[in-house]
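Heads up: the sequence shown runs through residues 1 to 276, numbered per UniProt numbering. Where a beta carbon is used, it is the ideal one built from N, C-alpha and C, also for glycine. Just so it is clear, the structure is predicted and the values come from calculations on it, not from any experiment.
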Amino acid sequence: MVGISQTIITVHGMVFICGFQDSPHFERRNSLVPARISGRQSNRSMRGKRKTRAVPEFYDHSRHPSIRLKAPSAKKVFLFRTDITMHELYLQVRRDVIEERIQPRRDAAYELAALALQAEFGNRPPPVIHDYFDNQHYLPQRYCTSDDPKHLQSVLSEMHGHYAGTKPLEAEHKFIQICQRHRDFGAHLHRVFRNKPTGNHGAAPFDPDTGAALWIAIMPRGIGVYEEQGSVRELLAEHLWQDTQTLQFDRKKFVIIAVEGSQQTESIFYTDHHTK
1 MVGISQTIIT VHGMVFICGF QDSPHFERRN SLVPARISGR QSNRSMRGKR KTRAVPEFYD
61 HSRHPSIRLK APSAKKVFLF RTDITMHELY LQVRRDVIEE RIQPRRDAAY ELAALALQAE
121 FGNRPPPVIH DYFDNQHYLP QRYCTSDDPK HLQSVLSEMH GHYAGTKPLE AEHKFIQICQ
181 RHRDFGAHLH RVFRNKPTGN HGAAPFDPDT GAALWIAIMP RGIGVYEEQG SVRELLAEHL
241 WQDTQTLQFD RKKFVIIAVE GSQQTESIFY TDHHTK
C-alpha cells in the first residue's frame, strides 16, 4: 500500500504544504502530440484508434504527487529556485483557474488561455489550424458555454499567436503572475450555511435562506465571506488576520469574532460536516 506523508516547508516567508506519495517522481513531460501541430506523421500506428486532441499535463493525476504550493500574492515568483517547483505551481494554478477556485474576468481568462497554449504547445501552428486544442482544457466552463466553440477556438488561437517566441517557462511565469493579482489567489474555499443545515442540505450547494451558495475563503491576508451570484463569487465581507480576535470551530459551528473600527462583530456559520 502506498503511504502518504505531509511536509510543511517555509522558504522566504512562503509556506508550502506538500503531500507526497512514497518515492515521489518529478518529471517534466511534453504531453502534446507533434503530429497535431506540424502535420508530421507519427511513427505510432493509429489503426483502430480514434484521433483526439492532446491532453494537458495537469489533467494526468497518475504521474504527479499530491502537492499544494501557496505563496502570498506580494511575493515574487523568482523566489521559486527551481524550474520543477515553478512548473508544479503552474500546473496547480492552471487547475485552480479551470475549476474556478480562481475566477478571472473574461479578458484575463482568455489571456491566461493563450499563455497556457504557448507554454504547452510552443509557437502557434499555421493559421489554417484552429482545432489543435480543446476549449475546456484552457477556459472555465462558464466561458466555454457562452460562445460558439469554433469561434472561441479561433479567438484563442489568434491570441496564442501574440506570444510567439515566448519560452515555455516564461509563459508559465507570466501565467502565475497574472493569477497572483487576483484576490482569491491562494484561497482555500469551504461551503457554509447561515443556519444549521439539515440532512437535505448536503445534496444542494445553496443556502436555504438566500438561494445562493455561501463560501468561507481562508486566504493569506485573512478570511473572506463570499456569496455565489450568477456562477461568480462576490465578496460580502473580509476579516483581516490582524483584526480577527477569535476563530472557533465546534463540531459544525464556525464562529469569527473580529474588530471593525471600535465595534466587535460576531459572525456565525455552519457546515454540513463536522470535519470541514
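Taking the alpha carbon of residue i as the reference point, which residue from the options has its own alpha carbon closest?
i       : options                            : result
Met-159 : Ala-187, Leu-115, His-173          : Leu-115
Gln-245 : Val-232, Gln-229, Ile-223          : Ile-223
Gln-103 : Glu-260, Gly-230, Leu-240, Trp-241 : Gly-230
Thr-145 : Ile-218, Arg-181, Arg-106, Tyr-90  : Arg-106
Asp-250 : Met-86, Phe-269, Arg-233, His-239  : Phe-269
Leu-117 : Tyr-163, Met-86, Ile-257           : Tyr-163
Glu-100 : Arg-181, Pro-140, Thr-166, Ile-218 : Pro-140
Leu-240 : Ala-187, Thr-85, Arg-233, Pro-220  : Pro-220
Gly-122 : Glu-88, Ser-157, Leu-89, Arg-94    : Ser-157
His-151 : Leu-214, Val-232, Val-225, Tyr-110 : Tyr-110
Ile-176 : Thr-85, Gln-264, Glu-238           : Thr-85
Glu-234 : Asp-184, Val-93, Lys-253, Ile-98   : Asp-184
Val-128 : Asp-147, Ala-108, Asp-148, Ser-154 : Ser-154
Val-255 : Val-232, Gln-242, Val-225, Ser-262 : Val-225
Arg-191 : Ala-213, Pro-197, Cys-179          : Ala-213
Need the endpoints of the alpha helix (DSSP H) that residue i sits in, please.
i       : result
Tyr-143 : 141 to 144
Starting from residue i, follow the beta strand (DSSP E) in both directions and report where the run begins and ends.
i           : result
residue 280 : Outside the displayed range of the chain (1 to 276) lies residue 280, so it cannot be described from this structure.
Based on the DSSP secondary-structure assignment, which residues constitute the bridge partners of residue i?
i       : result
His-188 : Ile-218
Glu-111 : DSSP lists no partner for Glu-111.
Gln-248 : Val-255
Arg-233 : Glu-228
Leu-240 : Gly-222
Phe-193 : Tyr-270
Rounded C-beta distance between residue i and residue j? I'm assuming under 8 Å.
i       : j       : result
Arg-124 : Gly-161 : 4 Å
Tyr-138 : Ala-119 : Not really, about 11 Å apart at Cβ, beyond 8 Å.
Pro-197 : Asp-272 : 5 Å
I want to know whether the region 130 to 138 touches the region 165 to 174 - three or more CB-CB distances under 8 Å.
no
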